[in-house]
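Per the numbering used here, the very first residue in the sequence shown carries number 16; after that it's consecutive.
Ideal placement from N, C-alpha and C gives every residue a C-beta, glycine not left out.
All figures in this text were calculated on a predicted structure; none of them were measured in a lab.
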Amino acid sequence: MRLPVWAIVVLLVAAAAAADHASQHYRVSGRPELHLVAGDGRVEIRPGPAGEIQIDVDTEGWDIGPGGVRILESQSGNRVSYEVREPHRWGIYISTGHKRITVTATVPRDLDLSVVTGDGAVRLEELRGRLQIHTGDGHVQASNLRGELSLETGDGSIEALGLEGRLSGSTGDGHMHVQGRFESLRLHSGDGPVEVEVDPGSEVTDEWRLSTGDGPLTLRLPSELKADLDASTGDGAIVTDFPISMSGKLNEHAIHGRLNGGGAPIMLRTGDGSIRIEER
16 MRLPVWAIVV
26 LLVAAAAAAD
36 HASQHYRVSG
46 RPELHLVAGD
56 GRVEIRPGPA
66 GEIQIDVDTE
76 GWDIGPGGVR
86 ILESQSGNRV
96 SYEVREPHRW
106 GIYISTGHKR
116 ITVTATVPRD
126 LDLSVVTGDG
136 AVRLEELRGR
146 LQIHTGDGHV
156 QASNLRGELS
166 LETGDGSIEA
176 LGLEGRLSGS
186 TGDGHMHVQG
196 RFESLRLHSG
206 DGPVEVEVDP
216 GSEVTDEWRL
226 STGDGPLTLR
236 LPSELKADLD
246 ASTGDGAIVT
256 DFPISMSGKL
266 NEHAIHGRLN
276 GGGAPIMLRT
286 GDGSIRIEER
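As C-alpha coordinates, then:
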(Lines of atoms letter the chains of each structure in order from A; the text may use other names.)
(Lines give C-alpha, C1' and ligand atoms only; values in the text may rest on other atoms or scores of the structure.)
Protein backbone atom coordinates (compact mmCIF):
# COMPACT_ATOMS: atom_id res chain seq x y z
CA MET A 16 0.00 0.00 0.00
CA ARG A 17 1.36 3.41 -0.96
CA LEU A 18 1.22 5.93 1.89
CA PRO A 19 0.06 9.49 1.20
CA VAL A 20 2.62 12.26 1.49
CA TRP A 21 1.18 13.56 4.77
CA ALA A 22 1.56 10.11 6.36
CA ILE A 23 5.19 9.82 5.28
CA VAL A 24 5.89 13.24 6.77
CA VAL A 25 4.25 12.22 10.05
CA LEU A 26 6.33 9.04 10.21
CA LEU A 27 9.56 10.92 9.50
CA VAL A 28 8.82 13.55 12.14
CA ALA A 29 7.91 10.86 14.67
CA ALA A 30 11.16 8.99 13.97
CA ALA A 31 13.17 12.18 14.30
CA ALA A 32 11.49 13.01 17.63
CA ALA A 33 11.96 9.52 19.10
CA ALA A 34 13.84 9.33 22.38
CA ASP A 35 14.40 6.39 24.67
CA HIS A 36 16.19 5.31 27.83
CA ALA A 37 17.59 2.04 29.13
CA SER A 38 19.27 1.27 32.43
CA GLN A 39 21.13 -1.75 33.78
CA HIS A 40 22.52 -2.41 37.25
CA TYR A 41 25.24 -4.93 38.17
CA ARG A 42 26.43 -6.15 41.57
CA VAL A 43 30.20 -6.64 41.73
CA SER A 44 32.89 -7.06 44.37
CA GLY A 45 36.59 -6.33 44.74
CA ARG A 46 38.10 -4.66 41.67
CA PRO A 47 35.68 -5.29 38.78
CA GLU A 48 36.24 -5.18 35.02
CA LEU A 49 34.05 -3.21 32.64
CA HIS A 50 34.34 -3.59 28.87
CA LEU A 51 32.18 -0.99 27.15
CA VAL A 52 31.67 -0.63 23.38
CA ALA A 53 29.50 2.33 22.38
CA GLY A 54 29.61 2.55 18.57
CA ASP A 55 29.19 6.21 17.66
CA GLY A 56 27.80 7.08 21.07
CA ARG A 57 29.21 9.59 23.51
CA VAL A 58 30.48 8.04 26.76
CA GLU A 59 30.82 9.45 30.27
CA ILE A 60 32.33 7.43 33.12
CA ARG A 61 31.66 8.64 36.66
CA PRO A 62 32.80 7.37 40.07
CA GLY A 63 30.17 5.82 42.30
CA PRO A 64 29.74 3.46 45.25
CA ALA A 65 31.88 0.34 45.55
CA GLY A 66 30.19 -2.93 44.70
CA GLU A 67 27.97 -1.76 41.83
CA ILE A 68 28.03 -0.66 38.21
CA GLN A 69 25.16 1.34 36.75
CA ILE A 70 24.92 1.92 32.97
CA ASP A 71 22.35 4.27 31.44
CA VAL A 72 21.74 4.72 27.72
CA ASP A 73 19.84 7.72 26.37
CA THR A 74 18.95 8.10 22.71
CA GLU A 75 17.61 10.90 20.54
CA GLY A 76 16.11 10.04 17.16
CA TRP A 77 16.13 6.29 17.85
CA ASP A 78 14.16 3.82 19.92
CA ILE A 79 15.91 1.13 21.94
CA GLY A 80 14.82 -2.35 20.92
CA PRO A 81 14.05 -4.35 17.76
CA GLY A 82 14.64 -2.19 14.68
CA GLY A 83 16.38 0.45 16.76
CA VAL A 84 19.38 0.66 19.04
CA ARG A 85 20.39 -2.76 20.38
CA ILE A 86 22.11 -3.47 23.67
CA LEU A 87 24.18 -6.61 24.17
CA GLU A 88 25.25 -7.15 27.76
CA SER A 89 26.58 -9.90 29.99
CA GLN A 90 28.16 -10.47 33.38
CA SER A 91 30.55 -13.20 34.47
CA GLY A 92 31.55 -12.75 38.09
CA ASN A 93 33.15 -9.33 38.34
CA ARG A 94 33.52 -8.93 34.57
CA VAL A 95 30.80 -6.88 32.85
CA SER A 96 30.55 -6.53 29.06
CA TYR A 97 28.22 -3.95 27.53
CA GLU A 98 27.80 -3.05 23.86
CA VAL A 99 25.54 -0.49 22.20
CA ARG A 100 24.80 -0.96 18.49
CA GLU A 101 23.11 1.54 16.19
CA PRO A 102 20.50 0.22 13.75
CA HIS A 103 21.69 -0.77 10.27
CA ARG A 104 19.94 0.70 7.25
CA TRP A 105 19.88 -0.68 3.74
CA GLY A 106 18.66 0.89 0.50
CA ILE A 107 17.30 4.43 0.32
CA TYR A 108 16.97 5.97 3.76
CA ILE A 109 15.74 9.48 4.51
CA SER A 110 17.09 10.81 7.80
CA THR A 111 15.67 13.89 9.48
CA GLY A 112 16.37 15.46 12.83
CA HIS A 113 19.16 14.92 15.32
CA LYS A 114 20.33 11.44 16.28
CA ARG A 115 22.47 10.84 19.32
CA ILE A 116 23.39 8.12 21.80
CA THR A 117 24.77 8.92 25.24
CA VAL A 118 26.12 6.21 27.53
CA THR A 119 26.72 7.05 31.19
CA ALA A 120 28.43 4.50 33.43
CA THR A 121 28.67 4.96 37.19
CA VAL A 122 31.39 2.66 38.47
CA PRO A 123 33.54 1.93 41.54
CA ARG A 124 36.61 4.16 41.72
CA ASP A 125 38.93 1.13 41.58
CA LEU A 126 38.42 -0.98 38.46
CA ASP A 127 39.86 -2.20 35.19
CA LEU A 128 38.14 -0.35 32.37
CA SER A 129 38.12 -0.64 28.58
CA VAL A 130 36.05 1.81 26.48
CA VAL A 131 35.81 1.72 22.67
CA THR A 132 33.82 4.15 20.50
CA GLY A 133 33.78 4.63 16.75
CA ASP A 134 32.80 8.29 16.56
CA GLY A 135 32.01 9.53 20.02
CA ALA A 136 33.73 11.56 22.70
CA VAL A 137 34.78 9.97 25.99
CA ARG A 138 34.91 11.70 29.36
CA LEU A 139 36.06 10.08 32.60
CA GLU A 140 37.15 11.23 36.04
CA GLU A 141 38.24 10.16 39.54
CA LEU A 142 39.18 6.54 38.72
CA ARG A 143 42.05 4.20 39.58
CA GLY A 144 43.22 1.01 37.87
CA ARG A 145 44.02 -0.21 34.38
CA LEU A 146 42.13 2.29 32.22
CA GLN A 147 42.09 1.95 28.41
CA ILE A 148 40.21 4.41 26.19
CA HIS A 149 40.05 4.19 22.39
CA THR A 150 37.90 6.28 20.06
CA GLY A 151 38.13 6.32 16.29
CA ASP A 152 37.01 9.94 15.87
CA GLY A 153 36.24 11.69 19.11
CA HIS A 154 37.74 13.82 21.86
CA VAL A 155 39.05 12.34 25.11
CA GLN A 156 38.70 14.34 28.30
CA ALA A 157 40.09 12.86 31.52
CA SER A 158 40.78 14.14 35.01
CA ASN A 159 42.18 12.72 38.24
CA LEU A 160 43.07 9.24 37.01
CA ARG A 161 45.64 6.94 38.58
CA GLY A 162 47.26 3.70 37.40
CA GLU A 163 48.07 2.16 34.02
CA LEU A 164 46.51 4.63 31.59
CA SER A 165 46.03 4.39 27.81
CA LEU A 166 44.23 7.18 25.92
CA GLU A 167 43.90 6.93 22.13
CA THR A 168 41.92 8.77 19.47
CA GLY A 169 42.21 8.49 15.72
CA ASP A 170 41.07 12.05 15.01
CA GLY A 171 40.45 14.17 18.08
CA SER A 172 42.07 16.06 20.92
CA ILE A 173 43.16 14.68 24.29
CA GLU A 174 42.99 16.70 27.50
CA ALA A 175 44.08 14.71 30.55
CA LEU A 176 44.79 16.55 33.80
CA GLY A 177 45.56 15.44 37.34
CA LEU A 178 47.00 12.07 36.31
CA GLU A 179 49.29 9.78 38.25
CA GLY A 180 51.15 6.66 37.13
CA ARG A 181 52.06 5.34 33.69
CA LEU A 182 50.53 6.99 30.63
CA SER A 183 50.42 6.07 26.95
CA GLY A 184 48.53 8.49 24.70
CA SER A 185 48.15 9.07 20.97
CA THR A 186 46.08 11.06 18.51
CA GLY A 187 46.23 10.90 14.75
CA ASP A 188 45.16 14.51 14.27
CA GLY A 189 44.62 16.68 17.30
CA HIS A 190 45.96 18.72 20.18
CA MET A 191 47.24 16.93 23.27
CA HIS A 192 47.45 18.51 26.74
CA VAL A 193 48.59 16.28 29.60
CA GLN A 194 49.42 17.08 33.23
CA GLY A 195 50.32 14.88 36.19
CA ARG A 196 52.87 12.94 38.20
CA PHE A 197 54.36 10.27 35.99
CA GLU A 198 56.63 7.23 36.12
CA SER A 199 56.32 6.33 32.43
CA LEU A 200 55.21 8.62 29.62
CA ARG A 201 54.71 7.89 25.91
CA LEU A 202 52.77 10.41 23.81
CA HIS A 203 52.36 10.96 20.08
CA SER A 204 50.34 13.29 17.87
CA GLY A 205 50.41 12.74 14.12
CA ASP A 206 49.38 16.32 13.37
CA GLY A 207 48.98 18.68 16.31
CA PRO A 208 50.70 20.39 19.22
CA VAL A 209 51.71 18.44 22.33
CA GLU A 210 51.80 20.16 25.72
CA VAL A 211 52.95 18.24 28.81
CA GLU A 212 53.18 19.47 32.41
CA VAL A 213 55.09 17.16 34.74
CA ASP A 214 54.37 17.52 38.46
CA PRO A 215 56.98 17.38 41.24
CA GLY A 216 57.49 13.82 42.49
CA SER A 217 57.63 12.41 38.97
CA GLU A 218 60.46 9.99 38.23
CA VAL A 219 61.77 8.80 34.88
CA THR A 220 61.88 5.08 35.69
CA ASP A 221 62.16 4.03 32.05
CA GLU A 222 62.37 5.84 28.70
CA TRP A 223 59.90 8.67 28.16
CA ARG A 224 59.05 9.32 24.51
CA LEU A 225 57.11 12.38 23.32
CA SER A 226 56.63 13.16 19.64
CA THR A 227 54.55 15.02 17.10
CA GLY A 228 54.68 14.77 13.33
CA ASP A 229 53.60 18.35 12.65
CA GLY A 230 53.33 20.80 15.53
CA PRO A 231 55.18 22.29 18.50
CA LEU A 232 56.09 20.25 21.56
CA THR A 233 56.20 21.90 24.99
CA LEU A 234 57.47 20.03 28.04
CA ARG A 235 57.33 21.64 31.50
CA LEU A 236 59.47 19.86 34.11
CA PRO A 237 60.05 20.27 37.86
CA SER A 238 63.48 21.66 38.62
CA GLU A 239 64.70 18.55 40.44
CA LEU A 240 63.90 15.93 37.75
CA LYS A 241 66.84 13.71 36.76
CA ALA A 242 67.06 12.46 33.18
CA ASP A 243 69.14 12.13 30.05
CA LEU A 244 67.67 14.47 27.45
CA ASP A 245 67.56 13.56 23.74
CA ALA A 246 65.65 16.19 21.73
CA SER A 247 65.59 16.71 17.97
CA THR A 248 63.38 18.41 15.40
CA GLY A 249 63.32 18.14 11.64
CA ASP A 250 62.44 21.78 11.07
CA GLY A 251 62.27 23.95 14.19
CA ALA A 252 64.16 25.46 17.10
CA ILE A 253 64.88 23.93 20.50
CA VAL A 254 64.67 26.20 23.55
CA THR A 255 65.29 25.15 27.17
CA ASP A 256 65.17 26.88 30.56
CA PHE A 257 67.41 24.21 32.13
CA PRO A 258 71.18 24.12 32.42
CA ILE A 259 72.11 20.97 30.53
CA SER A 260 75.41 19.10 30.57
CA MET A 261 75.81 18.79 26.81
CA SER A 262 77.39 15.90 24.93
CA GLY A 263 78.22 15.54 21.23
CA LYS A 264 78.36 18.25 18.58
CA LEU A 265 76.33 21.43 18.88
CA ASN A 266 73.30 21.44 16.58
CA GLU A 267 70.44 23.95 16.48
CA HIS A 268 68.00 21.11 15.69
CA ALA A 269 69.20 18.64 18.35
CA ILE A 270 70.20 18.55 22.03
CA HIS A 271 71.83 15.66 23.89
CA GLY A 272 72.68 16.13 27.53
CA ARG A 273 71.91 15.52 31.18
CA LEU A 274 69.44 17.13 33.57
CA ASN A 275 70.55 17.19 37.22
CA GLY A 276 73.24 14.58 36.68
CA GLY A 277 71.22 12.40 34.32
CA GLY A 278 69.01 9.35 34.54
CA ALA A 279 66.71 7.38 32.28
CA PRO A 280 66.20 9.01 28.86
CA ILE A 281 63.57 11.53 27.80
CA MET A 282 63.25 11.49 24.00
CA LEU A 283 61.55 14.44 22.28
CA ARG A 284 60.85 14.45 18.53
CA THR A 285 59.04 16.78 16.14
CA GLY A 286 58.93 16.53 12.37
CA ASP A 287 57.95 20.14 11.72
CA GLY A 288 57.74 22.21 14.87
CA SER A 289 59.68 23.73 17.73
CA ILE A 290 60.56 22.09 21.06
CA ARG A 291 60.40 24.02 24.33
CA ILE A 292 61.65 22.57 27.63
CA GLU A 293 60.46 24.82 30.44
CA GLU A 294 60.78 24.81 34.23
CA ARG A 295 57.53 24.66 36.18
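Residues bridged to residue i (per DSSP)
i, result
"residue 288", "Beta-bridge pairing links residue 288 to no other residue."
"residue 58", "118 and 137"
"residue 124", "Partner(s): none; residue 124 has no beta bridge."
"residue 206", "Paired residue(s): none; residue 206 is not in a bridge."
"residue 72", "37 and 118"
"residue 148", "130 and 166"
"residue 260", "273"
"residue 296", "Outside the shown range of the chain (16 to 295) lies residue 296, about which nothing can therefore be said."
"residue 242", "274"
"residue 294", "236"
"residue 63", "123"
"residue 199", "181"
Distance between residue j and residue i (C-alpha atoms, nearest Å)
i, j, result
"residue 147", "residue 250", "33 Å"
"residue 83", "residue 36", "12 Å"
"residue 200", "residue 34", "42 Å"
"residue 135", "residue 117", "9 Å"
"residue 90", "residue 173", "31 Å"
"residue 229", "residue 246", "15 Å"
"residue 260", "residue 272", "5 Å"
"residue 294", "residue 66", "43 Å"
"residue 180", "residue 162", "5 Å"
"residue 10", "residue 289", "Examination of residue 10 is not possible in this model, given that the chain is present from 16 through 295 alone."
"residue 98", "residue 60", "15 Å"
"residue 284", "residue 160", "26 Å"
"residue 166", "residue 258", "32 Å"
"residue 270", "residue 141", "37 Å"
"residue 58", "residue 267", "44 Å"
"residue 55", "residue 157", "19 Å"
"residue 73", "residue 81", "16 Å"
"residue 119", "residue 53", "10 Å"
"residue 187", "residue 248", "19 Å"
"residue 207", "residue 79", "38 Å"
"residue 192", "residue 210", "5 Å"
"residue 215", "residue 274", "15 Å"
"residue 85", "residue 121", "20 Å"
"residue 88", "residue 231", "43 Å"
"residue 236", "residue 196", "10 Å"
First and last residue of the uninterrupted beta strand (DSSP E) at residue i
i, result
"residue 159", "155-168"
"residue 181", "173-186"
"residue 77", "Residue 77 -> no beta strand (DSSP E), and no H or E assigned at all."
"residue 252", "Run containing residue 252: none; DSSP gives neither H nor E here."
"residue 212", "209-213"
"residue 227", "223-227"
"residue 51", "48-52"
"residue 9", "Because the chain spans 16 through 295 in this model, residue 9 falls outside it and cannot be assessed."
"residue 232", "232-236"
"residue 8", "Any property of residue 8 remains undetermined from this structure, which presents the chain solely from 16 to 295."
"residue 267", "Careful: residue 267 lies outside any beta strand (DSSP E) and carries neither H nor E."
"residue 96", "94-100"
Same chain, Cβ closer than 6 Å to residue i, neighbours up to 5 away in sequence not counted
i, result
"residue 203", "185 and 226"
"residue 95", "41, 49 and 68"
"residue 194", "176 and 212"
"residue 224", "201 and 282"
"residue 280", "222, 243 and 245"
"residue 128", "49 and 146"
Residues near residue i by beta carbon distance below 7 Å, same chain, minus five either side
i, result
"residue 278", "219, 241, 242 and 243"
"residue 114", "75, 76 and 77"
"residue 276", "241"
"residue 137", "58, 130, 148, 150, 153 and 155"
"residue 21", "Because the pLDDT at residue 21 is just 40, under 50, the model does not fix this residue reliably, and the value given afterwards should be weighed accordingly. Excluding residues within five positions, none has a Cβ falling inside 7 Å."
"residue 256", "292, 293 and 294"
beta-carbon residue i near the ligand ATP non-hydrogen atom, thresh 7 Å
i, result
"residue 224", "Inclusion of the ligand ATP in the displayed structure is not the case, the ligand content being empty and no account of it being possible."
Close beta carbons around residue i, own chain, < 8 Å, minus the five adjacent residues each side
i, result
"residue 151", "132, 133, 134, 168, 169 and 170"
"residue 307", "A question about residue 307 goes unanswered here, because the residues of the chain that appear run from 16 up to 295."
"residue 239", "215 and 275"
"residue 123", "43, 46, 47, 62, 63, 64, 65, 66, 67 and 68"
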